[in-house]
Structure formats: C-alpha cells, structure tokens
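Trainee: Numbering (my numbering), first residue to last: 8 to 540.
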C-alpha cells in the first residue's frame, strides 16, 4: 500500500480509520481528478496483523482482488486446469514435428492461462497486458488464413474413435464439474432474472431488474450491504440492478430453465442457470462436431468437438455459468448452414441480439456468396436477420409503450456498454498514476476495426467456408483487442472460428463442399475457391 500511495502527491491524500468489532478499516482517498478512494486495508486491533490490503482497481472492483474460485470455482485448480491443457495439446499437436506452426498455435491458445494465473492472484496490471500477445498472434493467423483460404496440412495422430471416446468422457466430466463444483456469477443470475421477468411477470428485463432501494428482507454481508430487497412486484429478491445490459436473446435463452426449475428470488444454487449453461455448452459442442463433419468428414468433426470439450476456457465459461456460450453456439450452427442465406441471416441475428459483438460480422456474412445469384442471396439473408430481430425484440411488446421500452433498451445496453469504465484492459488505466492515456489509440483502433468489417464485405471477392470462419474470427479478435472491459469468459467467442481455421484440412476439401452446394458456379469462381496447391 505504501508503494502504491507513493504514486500520489502526499498533499492530495486523505486518510480515515474506523474501529468496528475488533478490526480497523483504513481508507485512503485522493482529491486528484477521477481518483476517489485509492486504498483500503483492514487490520486486526489485537495483533496488528493486516488481514486485507487493496490498492488501485482492487478497491472498487472486488473481481480484481483474486478471491479464490470467484469465477468457476474448481476449474481454476491446477489438478483440473493443467490436465485439460495437456489433453488439448496432446490430442491436437503435430507430435512428429515438435517445432511446427500447429504446435505453436495450440500453445498460444493455451497461453491465456498465464494471464489468468496472475488475475487469480489479484495482479491485474500484469494479467491484462499478458492477454494481448496471444490475441494479436491469433488475429494475424486468422488474417493470413482468411486471405489464402487454405487449411492445415497436419491432422491429429489420434484415430477418430479415440477422439470421440475422449470427447464423450470430457463432456460427462464437464457436466459433473458444472453441477458439483461451479458457481453462478452475476451474469448467470441476470439471465435467470430476465427470463423470470418475461415468463412470470410479463415484463421486459430492461428497467425492471431488482434493485437495492426497497425494504431489506435478507441478511447483511460482511461489508454491511443488504442485497435482498422487496421489489415492485412484492417479492423478496436479490438486487442485480445492472443485469439488463445484454441483448434480449441472452434472457430468452434462460426461459426453458426458468419455466422448468423456477427462481427462488435468491442468489442460491440457481438450477436454471446451471441448466442453461450446460444446454448451450452442449449445443456448441454438437455444433463443432457438425461443422467439422460438414466440411471435413468424420475426422474433422471429431477433432473440432474434441477441441471444444478439451479447451479449458470453454469449461471456464460453463463453470462460471455465464451467458458467454450462447453467441458462439449460435454462430457455429450458422457456419454449419452457411450455404443457406436465410438460415445464415437468422442465426447471425439471434447471435447478435445475444452478444452485440456479432453485429461486426453482418457485412461479412451478408456478402458471402455474393457473386452467385446476386442479390437474391443477400435479400434472403436480410430476411433471416429481420426474422431473428423480430423473434428477439417481441419482448418489447410486453410494455404498454414499446417505443419507451426501445429507448430504455438502448440506454441500458449500448448506452451503458459504450461508456463503461473498467480496469480489465490497458485502455482505461489513465486514472492510475504511472500509466499512459491510451484513449486516442483505442479510438483509432475502433475506427479501423469498423472499417475492416465493412471492407470484408468486398475483399476477398470470393471466399470459401474456411475463409469466412477465419475472417469472422479475426473480427471478433479485433473486437476483443479494443474492448475496455475484456475478460477470459470472452475467449470462447472466437474459439470456434479459430479452431476451425487452424485445424481444418487443405482448402480443397472445404472448397468442394462449398461449390457442390452453391452450384452453378462458373470456372473462374471455382479457380478462386480452390487455390492452387
């Protein structure tokens, strides 16, 4: 704490201490702009032992303190995490050539674990910068594959039956880990509350989340905060005032779980959240298998399903019971039905209204196959996207004034997310002494990302399914690179595209699948779809 406070002018600091129940709570404030409280400590009065000491982002952000198992519980244990990494690496590696690019790709995918290790120890200023090298490497790889349109000449040494057997075992292990040794973070709680509002209260989630302004109806926590309050519907419910920041599909996805299992109003085990996490994780795994089978037969199908099941960060999402498997699960199935414009538009629309990052893919996916029967395909794609929008936003009609509900939706989602502060990236550290203001750089990169998303509607002029996947992964990686609030739960957003692009066989297999469905295609188009070996 002393080292951290040395960053501030001594005259700007104000200290206060309060003794309560045998423990001193010491707070330090700075009157510098945007500083506020800069340190917090607790000291045992009898022994003088420091029991807690927090500085910088750890003061306002409890998730930055590295509390044990705060995200995913047991998945963070080395005896679970490291074997998953080993299985993922051994099952997919090019064991004949240890120094191959394939092995480097796999190690980079696993290298996010180093950043997570520091995060779990509360060292945000080390953890966050370590996430950018793998993001940049994967962005470069996706750009290269997206431009060349060629798959990998390497295939897994494991036979298909072994890949399938291990995948089935891992799928069962993942379900067991979720049910027995995971937790539900506030994101999963928000999904359950939103679904409950829709199916039981007949309200939109936006502006109707439980808050902490009503009468207390539950116990106080260690800091004296009472989270359970009487809400406007008369129920005693746990407050989650900022839980309405996601797209409507993120709440509709929880409806089956809430209908079958209900919600007690408390932040308890939340069986509906566990049900939803397992369901969408399974849909993503099955989608990976179907995608591989669609473009590469049984071997690629088994390989991609195995990759999802073994990759520890997909289980990190499941064990945290967040909503971050919904968008990639939908997008994977969008790739499975990529040659059907209305299906592609429908699935992309549903994914975009779950997590708004998928909106970046709209120009790229809309222009797929644009040289074949243009503009009929694009009109069909637009029809699918409009249908998805209608299926997502019918919930606004639950309100007496749908226009007011639409404005509220914007304010609670885009309006807040576009300006939210966060210490979980390098972009918002200017408020901490010793760190540069990178806001201009971030803005330039955001503009470049949007420009790239638009440009990919035109370049390359013709693309196969492998290129579409690689370029989609590149856009999502670019999105995460410029995010102010980045987190490890977002890694599975791009993982299916990256896995497909890195593990798919030579492009000729993918191209044949494309042209067989998209026929008639002229000779020039076929030459572009099938690059020369």
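Virtual Cβ for every residue (Gly too), placed ideally from N, Cα, C.
In the DSSP assignment, find the alpha helix (DSSP H) that holds residue 131 and state where it starts and stops.
Mentor: 131-155 is the span of the alpha helix (DSSP H), which, as asked, contains residue 131.
Trainee: Return the Cβ separation of residue 491 and residue 435 in integer angstroms, given the expectation that the two are a contact with Cβ distance under 8 Å.
Mentor: 5 Å
Trainee: Assuming residue 46 and residue 12 form a contact by the criterion Cβ under 8 Å, report the distance between their Cβ atoms to the nearest whole angstrom.
Mentor: The beta-carbon distance between residue 46 and residue 12, rounded to whole angstroms, is 6 Å. This is short enough to meet the 8 Å contact definition.
Trainee: Could you check whether residue 452 and residue 324 sit closer than 8 Å to each other, using their CB atoms as the reference points?
Mentor: No, the pair does not count as a contact, with Cβ atoms beyond the cut-off.
Trainee: Check this for me: beta carbons of residue 211 and residue 402, under 8 Å apart or not?
Mentor: Against a cut-off of 8 Å, the Cβ pair of residue 402 and residue 211 comes out as a contact.
Trainee: How about the stretch 275-283 and the stretch 301-320: do they share at least three Cβ pairs that are nearer than 8 Å?
Mentor: Touching, no.
Trainee: Under 8 Å by Cβ, that's how I've got residue 349 and residue 388 pegged, so tell me the actual separation to the nearest angstrom.
Mentor: 7 Å
Trainee: Using the Cβ count rule (16 or more neighbours within 10 Å means buried), how would you classify residue 251?
Mentor: Buried.
Trainee: Does the distance from the CB of residue 82 to the CB of residue 184 come in under 8 Å?
Mentor: yes
Trainee: Would you call residue 7 buried or exposed, if buried means 16 or more other Cβ atoms sit within 10 Å of its Cβ?
Mentor: Summary: the structure shown does not reach residue 7, with the chain confined to residues 8 through 540, and so no result is reported for it.
Trainee: With three or more C-beta pairs closer than 8 Å as the rule, is the stretch 136-156 touching the stretch 109-125?
Mentor: yes
Trainee: Tell me which residues share the same chain as residue 511 and place their Cβ nearer than 7 Å to its Cβ, disregarding the 5 neighbours each side in the sequence.
Mentor: 158, 159, 302, 303, 307, 473 and 517
Trainee: Along the chain, which unbroken stretches of the alpha helix (DSSP H) at least 4 residues long are found entirely within the stretch 235-274?
Mentor: 255-259 and 262-268
Trainee: Would you say residue 411 lies against chain C (beta-carbon separation less than 8 Å)?
Mentor: No chain C is part of this structure, which consists of one protein chain only.
Trainee: Within a Cβ cutoff of 7 Å, which residues of the same chain sit near residue 8, ignoring the five residues on either side of it in sequence?
Mentor: 46, 48, 60 and 62
Trainee: Who are the Cβ neighbours of residue 508 in its own chain at under 7 Å, not counting the five residues just before and after it?
Mentor: 149, 152, 473, 476, 477 and 480
Trainee: Within the same chain, show all residues whose beta-carbon is closer than 6 Å to that of residue 191, passing over the 5 residues directly before and after it, in chain order.
Mentor: 277, 280 and 328
Trainee: From this set, 499, 31 and 482, which residue's C-alpha is nearest residue 230's C-alpha?
Mentor: 31
Trainee: Name the residue from 341, 266 and 35 whose alpha carbon lies nearest to the alpha carbon of residue 567.
Mentor: Lying before the first or after the last residue shown, residue 567 is absent from the chain, which here runs from 8 to 540.
Trainee: Rounded to a whole number of angstroms, what is the C-alpha to C-alpha distance between residue 300 and residue 101?
Mentor: 21 Å
Trainee: Answer with buried or exposed for residue 249, where buried requires no fewer than 16 other C-beta atoms within 10 angstroms of its C-beta.
Mentor: exposed
Trainee: State the Cα-Cα distance for the pair residue 177 and residue 383, rounded to the nearest angstrom.
Mentor: 43 Å
Trainee: From this set, 364, 255, 450 and 390, which residue's C-alpha is nearest residue 415's C-alpha?
Mentor: Residue 255 is the option with its Cα nearest to residue 415.
Trainee: CB-CB under 7 Å to residue 57, same chain, minus the five flanking residues each way: which ones, in chain order?
Mentor: Scanning its chain for C-beta atoms nearer than 7 Å, with the 5 sequence neighbours on each side dropped, one finds around residue 57 the residues 48 and 50, in chain order.
Trainee: Who are residue 62's beta bridge partners in DSSP?
Mentor: The partner list for residue 62 (beta bridge, DSSP) reads 46.
Trainee: For residue 26, which beta-bridge partners are listed by DSSP?
Mentor: 31
Trainee: Suppose contacts are defined by Cβ-Cβ distances below 8 Å. Is residue 232 in contact with residue 419 by that definition?
Mentor: No, the Cβ-Cβ distance between residue 232 and residue 419 is not below 8 Å.
Trainee: Could you check if residue 203 is buried or exposed, using at least 16 other CB atoms within 10 Å of its CB as the buried criterion?
Mentor: buried
Trainee: Nearest by alpha-carbon distance to residue 165: which of 218, 116, 314 and 77 is it?
Mentor: 314
Trainee: Give the single residue among 369, 498 and 500 whose Cα lies nearest to the Cα of residue 465.
Mentor: 369
Trainee: Helix, strand or coil for residue 514 per DSSP?
Mentor: Unreliable placement is indicated for residue 514, whose pLDDT of 48 sits below 50; the coordinate value is still reported in the next sentence. It is helical.
Trainee: Would you identify the three-state DSSP class for residue 208, choosing helix, strand or coil?
Mentor: helix
Trainee: Would you grab the beta carbon distance between residue 199 and residue 261 for me? Rounded to a whole angstrom, and I think it's under 8 Å.
Mentor: 6 Å
Trainee: Going by C-alpha to C-alpha distance, which of 470, 142 and 485 sits closest to residue 458?
Mentor: 485
Trainee: Figure out for me which residue from 275, 317 and 365 has the closest Cα to the Cα of residue 295.
Mentor: 317
Trainee: Which residues in the same chain as residue 358 place their Cβ atom closer than 6 Å to its Cβ, once the five residues preceding and following it in sequence are excluded?
Mentor: 334, 337, 338 and 365
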